[in-house]
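Protein chains in written order, with my numbering: chain S, 1 to 115; chain P, 1 to 115.
Beta carbons are placed, not taken as given, at the ideal position from N, Cα and C, and that holds for glycine.
There are 2 protein chains.
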Amino acid sequence: MSALNEQALEYVAKYFKALAEPMRLKVLNALQDGEKNVSQLTQLSGGTQANISKHLTLLAQYNLVKRESRGTNVYYRIADPSVYELCELVCGQIGKRMTLEEDIKKLFTATSQTN
Amino acid sequence: MSALNEQALEYVAKYFKALAEPMRLKVLNALQDGEKNVSQLTQLSGGTQANISKHLTLLAQYNLVKRESRGTNVYYRIADPSVYELCELVCGQIGKRMTLEEDIKKLFTATSQTN
DNA sequence: GCACTATATAACTGTATAGTTATATAGTCA
DNA sequence: TGACTATATAACTATACAGTTATATAGTGC
């Protein structure tokens with residue numbers, strides 16, 4: 001981080017911004033166990049088709065996901081699994097701190113019911 | 001990341017959002033070699049005092065920095081060095097990909113002149 | 001008390017973007 | 001070709017927030 005100039009800082013910031021939306025995290029989460037098409041992601045995430053499509057386009061622009069058309073479907077998959085390292089790091093930090101809510105830790109130890 | 005419910009996703013997203021501004025990254029960057037007060041950070045980052053103060057308040061809310069008043073000064077320091085791990089991970093990924101600009105890699109290997 | 005400095009905050013403006021609805025595009029199959 | 005499905009996009013609204021200017025707050029020293 002020490003050798004970052006102005007342009008690089010903006011680029012890094014944009015990368016973080018791509019991860020700074022719950023719906024996009026949800027989509028990335030849904031892609032953890034392999035590629036899925038837009039319909040599947042729409043259903044899994046609970047968003048509208050147009051909205052998910054927009055998020056996927058953005059994620060693809062930042063190379064967080066790879067796009068591949070097959071027939072009338074378009075399949076997306078994680079471009080680089082290290083994105084999950086990022087999330088694990090963040091979850092670890094948040095879990096340690098529990099700043100905004102005292103019981104935030106519960107959120108991370110609870111078994112996944114909502115997605 | 002697999003055990004995240006809706007609230008946790010929002011929390012993680014907000015955490016990323018805290019890192020999604022160039023000026024805040026600049027401030028965190030300036031704090032790498034130890035605590036600094038608001039005046040110092042204002043000067044180092046090139047922002048206005050009010051603006052830096054706002055960013056610092058936000059960073060403190062997310063426990064990215066710790067605040068400590070001493071006399072009329074307020075000193076801030078990195079709360080958890082693992083935030084730099086995040087940045088390194090992101091820089092590494094961006095460096096590998098060079099997506100938006102072909103010569104983005106130069107940005108990360110160049111010696112720091114701008115900050 | 002007053003003057004002075006450091007920091008925080010209030011009020012405001014402009015911009016970016018998430019989400020929606022409606023529509024366009026493109027592939028498949030009859 | 002035309003009907004059908006899947007995905008993308010255009011146009012719009014509402015909201016969040018970065019940055020600015022002016023002002024408030026709080027600590028120090030006279």
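Would you check if the distance between the CB atom of residue i and the CB atom of residue j is smaller than 8 Å?
{"i": "Leu44 of chain S", "j": "Val65 of chain S", "result": "no"}
{"i": "Glu85 of chain P", "j": "Leu25 of chain S", "result": "no"}
{"i": "Tyr76 of chain P", "j": "Glu35 of chain P", "result": "yes"}
{"i": "Pro22 of chain S", "j": "Ala79 of chain P", "result": "no"}
{"i": "Lys17 of chain P", "j": "Ala20 of chain S", "result": "yes"}
{"i": "Val74 of chain P", "j": "Val38 of chain P", "result": "yes"}
{"i": "Ile52 of chain S", "j": "Leu59 of chain S", "result": "no"}
Reducing DSSP to helix, strand and coil, say where residue i ends up.
{"i": "Tyr62 of chain P", "result": "coil"}
{"i": "Val35 of chain P", "result": "The identity of residue 35 of chain P in the sequence shown is Glu, whereas the question assumes Val. Residue state, collapsed to three classes: coil."}
{"i": "Met1 of chain P", "result": "Bear in mind that a pLDDT of 43 at Met1 of chain P, under 50, signals an unreliable position, so the number given afterwards is only what the model happens to contain. Coil."}
{"i": "Glu21 of chain P", "result": "coil"}
{"i": "Ala13 of chain S", "result": "helix"}
Quick one: using the 10 Å Cβ neighbour count with 16 as the cut-off for buried, is residue i buried or exposed?
{"i": "Gln49 of chain P", "result": "exposed"}
{"i": "Thr114 of chain S", "result": "Confidence is the limiting factor: at Thr114 of chain S the pLDDT is only 39, short of 50, which leaves the residue's position unreliable, though a coordinate-based value still follows. When all chains shown are included, Thr114 of chain S counts as exposed."}
{"i": "Ser112 of chain S", "result": "Reliability fails at Ser112 of chain S, whose pLDDT of 41 lies under 50, so the model's placement of it is uncertain and no value is given."}
{"i": "Glu68 of chain P", "result": "exposed"}
{"i": "Thr57 of chain P", "result": "exposed"}
{"i": "Glu102 of chain S", "result": "Annotation note: pLDDT 48 at Glu102 of chain S (below 50); position unreliable, coordinate value reported separately. Glu102 of chain S should be labelled exposed."}
Under 7 Å Cβ-Cβ, which residues of chain S neighbour residue i?
{"i": "Pro22 of chain P", "result": "Leu9, Glu10, Ala13"}
{"i": "Gln135 of chain P", "result": "The requested residue 135 of chain P is not part of the displayed model; chain P covers only 1 to 115."}
{"i": "Leu25 of chain P", "result": "Leu9, Val12, Ala13"}
Is there a C-beta anywhere in chain S that falls below 8 Å from the one on residue i?
{"i": "Val65 of chain P", "result": "no"}
{"i": "Val90 of chain P", "result": "yes"}
{"i": "Lys54 of chain P", "result": "no"}
Can you pull the chain P residues whose beta carbon is under 9 Å from the beta carbon of residue i, in chain order?
{"i": "Lys36 of chain S", "result": "Chain P residues near Lys36 of chain S: none, gap ~15 Å exceeds 9 Å."}
Is the CB of residue i under 8 Å away from at least one CB in chain P?
{"i": "Asp103 of chain S", "result": "In this predicted model, Asp103 of chain S has a pLDDT of only 48, less than 50, meaning its place in the structure is not dependable; the value taken from the coordinates is given anyway. Answer no: the Cβ-Cβ gap between Asp103 of chain S and chain P never drops below 8 Å."}
{"i": "Leu44 of chain S", "result": "no"}
{"i": "Glu85 of chain S", "result": "yes"}
Can you pull the chain S neighbours of residue i, defined as C-beta to C-beta under 8 Å?
{"i": "Lys17 of chain P", "result": "Phe16, Lys17, Ala20"}
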